[in-house]
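> Here it is: the structure, laid out below.
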Amino acid sequence: MPLAKTNNKKNIAFGLSVLFVAAFFWGSTFVTGKVLVHELSVSAILLYRVIISLFVMLLVFRKSIIQGFIKSFRNKTIVAFSIIGALATIVQTEALKFTTASNVAFISALFVVFVPLIEKLFYGKHFKGGFYLAVALSILGIYFISYGFHLPDNFSPGIFFALLSAIGYSYYFILLEKIPSEFSSPVIIFNFFLVMGVMCFIYCLFTGNFGTIVTLSKPIIYLNILNLAILGGIIPYLLMVIGQKIIAPHFATLIYNFEPVFATALSFIFLGDRLHLSALAGFAAIFLSLTVGVKTR
-4 MPLAKTNNKK NIAFGLSVLF VAAFFWGSTF VTGKVLVHEL SVSAILLYRV IISLFVMLLV
56 FRKSIIQGFI KSFRNKTIVA FSIIGALATI VQTEALKFTT ASNVAFISAL FVVFVPLIEK
116 LFYGKHFKGG FYLAVALSIL GIYFISYGFH LPDNFSPGIF FALLSAIGYS YYFILLEKIP
176 SEFSSPVIIF NFFLVMGVMC FIYCLFTGNF GTIVTLSKPI IYLNILNLAI LGGIIPYLLM
236 VIGQKIIAPH FATLIYNFEP VFATALSFIF LGDRLHLSAL AGFAAIFLSL TVGVKTR
């Protein structure tokens, strides 16, 4: 199974670069998120990030969004893509209530396993043995980053939620490939954010986690949420759509698993977190997984 939808080496290099940048931005938001969780609930952060993302996208891409919005909402693939992506994000957020962030990070990353499995079972795609080795190395790398060289210390309902999230993200990445090329990246992502905004509002309504006026009166909170919305929302999601128009979803997931690599490295640089030997082993395994994946295309 080829890693890209083209044989043009420049296009492939561009697609890979774009996805790497997306993974970097997602990883960088860990630093911002770690600051915000002391002020707001995770669900409230998610809601406010989406609201700001929608507002900024309307300012920047208003013409493109207005032209394609109605037509895109009539497209079943875009609607399914948006709903499944939003559900996966919310379920992943719910998982954090029952288990540790390391458990959620590791189990959610299992989309690297589920994407090729779903493509093989339901779409008849076949992969070389080397690609399965790449997947195994990627999972091993995420495990080392999440747990070190130890076994997980607890099992809870959160693990089940994280597993559902991983399956949801798998379909999310696969459906992105199925969206007709006539729809622009801003239109696709605006639809996704809009659906997620509605679902997050309902989620916060039931959980009562909207945050408070006092909390939001702190300027640093606004700046961090704005950073999370732009660097952790608009930019990487747009890059994801652009990159996956070139790179096949099963290979894109190998790149997305670089997110914890960037998150751990940036936390070491900016937050002073310790960088353990197990994390370095995880970095090496993930880099090796990408190398193996490229060679078995």
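With my numbering, letter number 40 in the sequence shown gets 35, and the count goes up by one each step, no holes.
By construction, the Cβ of each residue, glycine as well, lies at the ideal position given by its N, Cα and C atoms.
Going by DSSP in three states, Phe61 sits in which element: helix, strand or coil?
The question names Phe, but residue 61 in the sequence shown is Ile. Three-state result, Ile61: helix.
> Just tell me which of Tyr166, Leu249, Val13 and Phe185 has its CA closest to the CA of Ile137.
Measuring from the Cα of Ile137, the nearest candidate turns out to be Leu249.
> Does Val130 pass the burial test, meaning 16 or more other C-beta atoms within 10 Å, or should it be called exposed?
Val130 is buried by the Cβ-count criterion.
> Please state the DSSP three-state secondary structure of Ile242.
Three-state result, Ile242: strand.
> Between Ile237 and Ile264, what straight-line distance do the alpha-carbon atoms span, to the nearest angstrom?
The alpha-carbon atoms of Ile237 and Ile264 are separated by roughly 29 Å.
> Rounded to whole angstroms, what's the CA-CA distance from Phe196 to Ile46? Just pull it up for me.
Their backbone Cα atoms lie some 10 Å apart in a straight line.
> Going by the CB atoms, is the gap between Phe168 and Ala304 shorter than 8 Å?
The requested residue 304 is not part of the displayed model; the chain covers only -4 to 292.
> Candidates Tyr251, Leu285 and Ala276: which alpha carbon is nearest Ala100's?
Ranking Tyr251, Leu285 and Ala276 by Cα distance to Ala100 puts Tyr251 first.
> Give the secondary structure of Glu177 by DSSP, where H, G and I count as helix, E and B as strand, and everything else as coil.
Note: Glu177 maps to coil in three-state DSSP.
> Helix, strand or coil: which one does DSSP assign to Lys4?
Note: Lys4 maps to helix in three-state DSSP.
> Where Leu82 and Met191 are concerned, what is the direct C-alpha to C-alpha distance, given to the nearest angstrom?
Cα to Cα, the separation comes out at about 8 Å.
> Helix, strand or coil: how does DSSP classify Lys357 here?
Since the first residue of the chain shown is -4 and the last is 292, residue 357 is not available in this structure.
> Is Phe168 a contact residue of the ligand MN, with contact defined as CB to any heavy atom under 7 Å?
The ligand MN is absent from the structure shown, which contains no ligand whatsoever.
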